[in-house]
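Each residue of the sequence shown is one higher than the one before, counting from 1 in UniProt numbering.
Cβ coordinates follow ideal geometry from the N, Cα and C atoms, glycine included.
No experiment lies behind these values; they were computed from the predicted model shown.
Take a look at the structure below.
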Amino acid sequence: MDDLPPLELAFPGPERDRGVAAILNGEKTAFTGLLELHEKAGEPVPGPGDRFAVLDSDGRPAAAIELTEVRVVPIKEIDDAYARAEGRGYAGAAEWRADHERFFRSEGVAAFLGRTPEITDDTLVVAQHFRRLDP
1 MDDLPPLELA FPGPERDRGV AAILNGEKTA FTGLLELHEK AGEPVPGPGD RFAVLDSDGR
61 PAAAIELTEV RVVPIKEIDD AYARAEGRGY AGAAEWRADH ERFFRSEGVA AFLGRTPEIT
121 DDTLVVAQHF RRLDP
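Structure representation (C-alpha cells):
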C-alpha cells in the first residue's frame, strides 16, 4: 500500500475510524466528496481504476481500494441504494444527505475552503464506488 496515493475519509477521529472500520468489514463500498473540495485542493476528480491507500486516524494505511465508478452529480441525485453503500447505516438518501450536509458545513471544511459552503439541490458531489483490494 505504500506506493498508493493516500485517501483520507473525513477528519481524523471517530468519524474516520468508523469509515475505515466499515471498509475493513465490507459494509462500505462508496464515499462522497464535495466537488468544491477537489477544486480548492487543485486535485483532479479521480476515475475508475484509480487506487488509493485509505489512511486511519493515525495516518497509517489501513486498506487499499480501487474505484469502480465515479460520478459528478448534483447532491439531489443521490439515491437510497447509494446512501446504503456508504456503509454508515443510512436508511436512505434523506438521512445520508442530512449527515453529509452537516459534514460539508463543518468547521474543518469551512476552514479549508475559507468559508462555509451553501448546500443546495444542485451542489455537485463526487460519488465514488470502490472495491477493497486484497491485502
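Rounded straight-line distance, which links the Cα of residue j to that of residue i
{"i": "alanine 10", "j": "valine 20", "result": "10 Å"}
{"i": "phenylalanine 52", "j": "leucine 35", "result": "18 Å"}
{"i": "proline 6", "j": "glutamate 118", "result": "28 Å"}
{"i": "leucine 133", "j": "leucine 113", "result": "32 Å"}
{"i": "threonine 120", "j": "alanine 98", "result": "12 Å"}
{"i": "glycine 108", "j": "proline 135", "result": "31 Å"}
{"i": "glycine 89", "j": "alanine 110", "result": "26 Å"}
{"i": "glycine 49", "j": "glycine 42", "result": "20 Å"}
{"i": "aspartate 122", "j": "aspartate 3", "result": "36 Å"}
Residue-level contact to chain B via CB, residue i, 8 Å cutoff
{"i": "glutamate 43", "result": "Chain labels in this structure do not include chain B; a single protein chain is all it has."}
Close-in-space but distant-in-sequence residues of the same chain around residue i (CB under 6 Å, 5 per side omitted)
{"i": "residue 144", "result": "The first residue shown for the chain is 1 and the last is 135, placing residue 144 beyond what the model contains."}
{"i": "methionine 1", "result": "Ala53, Pro61, Ala64"}
{"i": "arginine 16", "result": "Leu9, Ala10, Ser57"}
Assigned secondary structure, residue i (DSSP; H/G/I helix, E/B strand, else coil)
{"i": "arginine 18", "result": "helix"}
{"i": "proline 65", "result": "Correcting the residue identity first, residue 65 is isoleucine in this sequence and not proline. Residue state, collapsed to three classes: strand."}
{"i": "alanine 53", "result": "strand"}
{"i": "leucine 7", "result": "strand"}
{"i": "leucine 24", "result": "helix"}
{"i": "leucine 37", "result": "helix"}
{"i": "glutamate 77", "result": "helix"}
Beta-ladder partner(s) of residue i, from DSSP
{"i": "alanine 83", "result": "The partner list for alanine 83 (beta bridge, DSSP) is empty, contrary to what the question assumes."}
{"i": "threonine 32", "result": "Ala127"}
{"i": "valine 70", "result": "Gln128"}
Own chain residues within Cβ distance below 7 Å of residue i, not counting five before or after
{"i": "alanine 93", "result": "Ile78, Asp79, Asp80, Ala83"}
{"i": "tryptophan 96", "result": "Ile78, Ala83, Glu86, Tyr90"}
Cut-off 8 Å between Cβ atoms - residues of its own chain near residue i, not counting five sequence neighbours on either side
{"i": "glycine 47", "result": "Leu67, Val70"}
{"i": "valine 125", "result": "Thr32, Gly33, Leu34, Leu35, Val72, Val73, Pro74, Ile75, Ile78, His100"}
{"i": "arginine 18", "result": "Arg88"}
Quiz item: Taking only runs of the beta strand (DSSP E) that begin and end inside the stretch 89 to 121, which ones reach a length of at least 3 residues, in chain order?
Solution: none
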